[in-house]
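For the sequence shown, the working numbering gives the first residue as 11, with consecutive numbering after it.
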Amino acid sequence: MTHVLVVEDDTATASEIEAALQDHGFKVTLASDGREGIIKALSSGFDLIVLDRMLPQVDGLGVLTSIRAAGNTTPVLVLSALGSLDERVRGLQAGGDDYLTKPFEFIELTARLDALLRRGQAQRPVEQNNQLKIGDLVIDQLRRTVQRGERKITLLPREYALLHYLAEHADEMVTRTMLFEAVWDYAYDERTNVIEVHIGRLRRKLDAEGETPLLQTIRGAGYVLRTPQ
Numbered sequence: 011m012t013h014v015l016v017v018e019d020d021t022a023t024a025s026e027i028e029a030a031l032q033d034h035g036f037k038v039t040l041a042s043d044g045r046e047g048i049i050k051a052l053s054s055g056f057d058l059i060v061l062d063r064m065l066p067q068v069d070g071l072g073v074l075t076s077i078r079a080a081g082n083t084t085p086v087l088v089l090s091a092l093g094s095l096d097e098r099v100r101g102l103q104a105g106g107d108d109y110l111t112k113p114f115e116f117i118e119l120t121a122r123l124d125a126l127l128r129r130g131q132a133q134r135p136v137e138q139n140n141q142l143k144i145g146d147l148v149i150d151q152l153r154r155t156v157q158r159g160e161r162k163i164t165l166l167p168r169e170y171a172l173l174h175y176l177a178e179h180a181d182e183m184v185t186r187t188m189l190f191e192a193v194w195d196y197a198y199d200e201r202t203n204v205i206e207v208h209i210g211r212l213r214r215k216l217d218a219e220g221e222t223p224l225l226q227t228i229r230g231a232g233y234v235l236r237t238p239q
């Protein structure tokens, strides 16, 4: 069972996160301040760490710096009400693997944790000679070309970036927020349908008539580029 350390000083938020992660099938250990977070992170083998940015005793960046200096490489997702680009960069530079701005939906949190957990595992797409392969879909990362079987697919730059991100996370559900941050490099705005428009165009190019659909929508949650079984 995946074991997650949650370092969060707000007891109500910590309890909500704990319940959501347990419902997702994770085992959860809580720490209520930065010092306790460091001690627990270094004394037990966790699969993931959820770390609040603003903590008493030692703040989140201090926790990150300390555990990385001690050689701990556990994937860390930073939670913060500080959502500016500079703050996100500081969190990642300190050793964080992902950054989620408060307030957030728990489906977003679990999707990001699943993505961190799967990095480097066998489900990753086959990568050879600078190519990503998902079934009969081949993405040449040097030439920035895409081909499915014998059919060449012409993509606009943004469509290619979107497909490349989905391919890097093949068989993982990625949310709209994750796509905005990775492909558009700004925070998700619920009022825009730009993701849906680009996904629709990309799907029409990827999945021709008679071919097994690769790009699937998870209603109310996000999208997945799924390897054909």
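Each residue gets a CB set at the ideal place from its N, CA and C atoms; glycine is no exception.
task: Give the straight-line distance between the Cα atoms of I27 and R168, rounded to the nearest whole angstrom.
output: Indexing the sequence shown from 1 puts residue 27 at position 17. Indexing the sequence shown from 1 puts residue 168 at position 158. Per the coordinates, the alpha-carbon of I27 lies some 34 Å from the alpha-carbon of R168.
field: Whole-Å CB distance - L165 paired with Y175, under 8 Å assumed
entry: Working through the sequence shown from its first residue, we reach residue 165 at position 155. Working through the sequence shown from its first residue, we reach residue 175 at position 165. About 13 Å separates the two Cβ atoms, so there is no contact after all.
- request: Whole angstroms is fine: what's the gap from A104's alpha carbon to T75's?
  value: Reading the sequence shown from its first residue, position 94 is the one you call residue 104. Reading the sequence shown from its first residue, position 65 is the one you call residue 75. Their Cα atoms are separated by approximately 6 Å.
- prompt: Roughly how far, in whole angstroms, is the beta-carbon of T84 from the beta-carbon of I49, given that I think they are within contact range, below 8 Å?
  reply: On the sequence shown, position 74 is the one that residue 84 refers to. On the sequence shown, position 39 is the one that residue 49 refers to. 14 Å between Cβ atoms; not a contact.
task: Taking L65 and V17 to be in contact with their CB atoms under 8 Å, please state how far apart those CB atoms are, rounded to whole angstroms.
output: In the sequence shown, residue 65 corresponds to position 55, counting from 1. In the sequence shown, residue 17 corresponds to position 7, counting from 1. Under the criterion of beta carbons closer than 8 Å, L65 and V17 qualify as touching, at roughly 7 Å.
field: CA-to-CA distance, Q226 to P113, given in whole angstroms
entry: In the sequence shown, the residue the question calls residue 113 occupies position 103. In the sequence shown, the residue the question calls residue 226 occupies position 216. Near 27 Å, if we compare the C-alpha coordinates of Q226 and P113.
- prompt: How is T155 classed by DSSP in three states: helix, strand or coil?
  reply: Counting from 1 along the sequence shown, the entry for residue 155 is found at position 145. T155: strand per DSSP, three-state reduction.
query: Going along the chain, which residues of its own chain have a beta-carbon closer than 6 Å to the beta-carbon of G159, five neighbours each way excluded?
result: The residue you call residue 159 lines up with position 149 of the sequence shown. Excluding five sequence positions before and after G159, the CB atoms of its chain that fall closer than 6 Å to its own CB belong to D146, given in chain order.
- prompt: In the structure shown, what three-state DSSP assignment does K162 receive?
  reply: By one-based count along the sequence shown, residue 162 stands at place 152. Here K162 carries a strand assignment [DSSP, helix/strand/coil].
task: May I have the straight-line CA-CA distance separating L152 from N140, to the nearest angstrom?
output: As a working note, residue 152 is residue 142 in the sequence shown. As a working note, residue 140 is residue 130 in the sequence shown. Across the structure, L152 and N140 are spaced so that their CA atoms are roughly 6 Å apart.
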